[in-house]
Every structure is written in C-alpha cells, then in structure tokens.
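Once you know that position 176 of the sequence shown is 179 in the working numbering, the rest is easy, because the numbers rise by one and skip nothing. Even for Gly, the Cβ is constructed at its ideal location relative to N, Cα and C.
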Amino acid sequence: MMNLRTQFHPGSRFAEFGEGDGGALGGGDHYDSPMERSRFKVLLTEDRDHAIEHWTHQLPRLLGPQGVEAIVAKTGREAIDITSRTDIHAAVIDLATPQDAMNRAYTSSGVPGGIWLLEVLSRLPQNLPIVIVNSRTYTPRQIHRFLHDALRLGAFSVINQPVELEKLLTVIQRILQRQYDGQWPGVSGERN
C-alpha cells in the first residue's frame with residue numbers, strides 16, 4: 004500500500020498524495036480540468052448546503068488535479084438521476100441526505116434518505132462501492148441501527164462526521180485497490 008499523505012490548505016488547488024508513483028491516488032499525472040480526462044468519477048451527496056470548508060467542497064478541489072471528477076447531488080433522487088446517465092465508479096453518501104427536493108430526511112417507512120439511496124444504488128448492476136458518512140443528527144441507538152442496515156446492504160465503508168479528508172482518501176484508495184485492482188478505472192477501459 005502506498006504512503007498516503009495529504010497536504011491541503013483551504014484555497015490551494017493541489018494536494019500531494021504520495022511519492023509520485025503515478026498510480027491510483029499517487030502523484031504523477033495532473034490534468035488542467037477533471038472534465039478533460041476523468042479517470043475516476045465519484046458521486047458525493049450532502050444533507051444541505053455547506054460552507055466552502057466542508058469536505059464536499061474540499062474533496063473535488065483536492066482530487067480534481069488527479070483526474071478525479073466529483074459530482075455532488077443534493078438529494079437521493081438527484082443522485083439516482085446522475086447514476087442513470089453517468090458512469091460512476093464510487094459513491095460517498097451522507098446518511099442524512101434528503102430523499103427528494105421536499106427535503107424529506109426519512110422515507111414514509113422511517114428509513115433515512117441515505118439508507119434508502121444505498122438500497123437503490125446497491126441494486127444497480129455495476130456493483131458500485133458505496134461509503135456512508137455517519138450523521139450526527141441521530142441518537143446513538145438510531146445510528147447503531149442505521150449503520151447495521153448500511154453494512155447489511157453492502158456499504159463498502161462507514162466514515163464518521165466530521166469527515167477527515169485523510170481517512171476519506173484512504174477509503175477511496177482501498178476502493179481502487181479492491182474494486183479496480185489498484186488502477187484508475189478510466190485508464191484500463193474496464194469500467195468507464
């Protein structure tokens with residue numbers, strides 16, 4: 004496993020990931036724009052609009068120069084729409100993501116929007132690796148139940164809030180290693 008090291012300062016456009024081996028999440032190739040050549044597309048959901056310092060804003064700026072395109076969805080339905088028209092390689096879902104534009108945090112059966120979205124995405128044929136971001140808005144008992152449900156539904160990993168970018172980058176690195184044999188999916192042509 005390569006040494007994962009981040010240096011990120013709010014406002015800077017670049018982060019150093021390792022010793023420049025050019026591999027997945029290593030140094031090496033940098034692109035002027037992620038749209039120019041996206042090697043990896045990650046779907047991010049958030050529970051509401053956040054400040055520029057929030058991880059959903061920092062992660063795209065951090066990984067963009069590496070050729071990673073981060074697409075942010077504000078609702079579960081928007082996330083489903085994005086996955087239906089874009090090849091997504093991984094998803095990071097906030098447990099408290101609203102299901103729809105009405106900002107309903109729960110389905111009619113009492114399931115959080117993030118768990119509902121995980122269940123829908125887990126049924127897709129592409130076997131999308133999904134990371135759940137634990138929300139601080141629930142009681143410990145609810146969190147235990149929801150995280151149990153997330154793991155039962157096949158979540159790749161669970162990250163607690165506040166999200167530490169270093170931990171999230173480590174999880175993305177594990178996704179690349181386990182799901183894509185340590186290679187950028189867009190480079191091998193296997194799953195674009």
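Same chain, Cβ closer than 7 Å to residue i, five either side skipped, listed in chain order
i, result
"V75", "L47, E49 and T59"
"Q182", "P132"
"I146", "N137"
Residue i, buried or exposed, once every other Cβ within 10 Å from all chains shown has been counted against 16
i, result
"P165", "exposed"
"H92", "buried"
"T78", "buried"
"R80", "buried"
"L124", "buried"
"N137", "buried"
"L127", "exposed"
"L179", "buried"
Rounded straight-line distance, which links the Cα of residue j to that of residue i
i, j, result
"L168", "G113", "30 Å"
"G70", "F43", "7 Å"
"G185", "W119", "30 Å"
"V161", "P143", "15 Å"
"S87", "Q129", "11 Å"
"Q61", "A73", "10 Å"
"K170", "W187", "19 Å"
"P101", "Q176", "27 Å"
"F149", "M105", "22 Å"
"L156", "Y141", "19 Å"
"A99", "P115", "6 Å"
"H57", "N163", "14 Å"
Residue i: first and last residue of the uninterrupted beta strand (DSSP E) it sits in
i, result
"T48", "F43 to T48"
"A73", "V71 to A76"
"S160", "S160 to I162"
Residue from the options with nearest C-alpha to residue i
i, options, result
"G117", "L172, L66, D152 and L65", "D152"
"D103", "P63, S87, I83 and E72", "I83"
"R139", "D97, R64 and I133", "D97"
"V174", "I135, R148 and R155", "I135"
"P63", "L172, G157 and R126", "L172"
"A121", "A94, L65 and H147", "Just to set this straight, residue 121 is Leu in the shown sequence, not Ala. Nearest of A94, L65 and H147 to L121, Cα basis: A94."
"I85", "L150, G157, V45 and F159", "V45"
Residue i - containing alpha helix (DSSP H), residue span
i, result
"I91", "First-last for I91: undefined, no H or E at that position."
"A153", "P143 to R155"
"E122", "G116 to S125"
"E169", "L168 to Y183"
"Q61", "W58 to L66"
Residues of its chain near residue i, where Cβ-Cβ distance is below 6 Å and the 5 sequence neighbours each way are ignored
i, result
"T89", "none"
"H154", "Looking at the sequence itself, residue 154 is Leu, so the reference to His does not match. If we look at L154 and ignore the five residues flanking it on each side, it has no Cβ neighbours."
"E39", "Annotation note: pLDDT 44 at E39 (below 50); position unreliable, coordinate value reported separately. There are no such residues."
Residues near residue i by beta carbon distance below 8 Å, same chain, minus five either side
i, result
"R41", "What sits at residue 41 in the sequence shown is Ser, not Arg. Answer for S41: G70, V71, E72 and G189, listed in chain order."
"A158", "L121, I133, V134 and I135"
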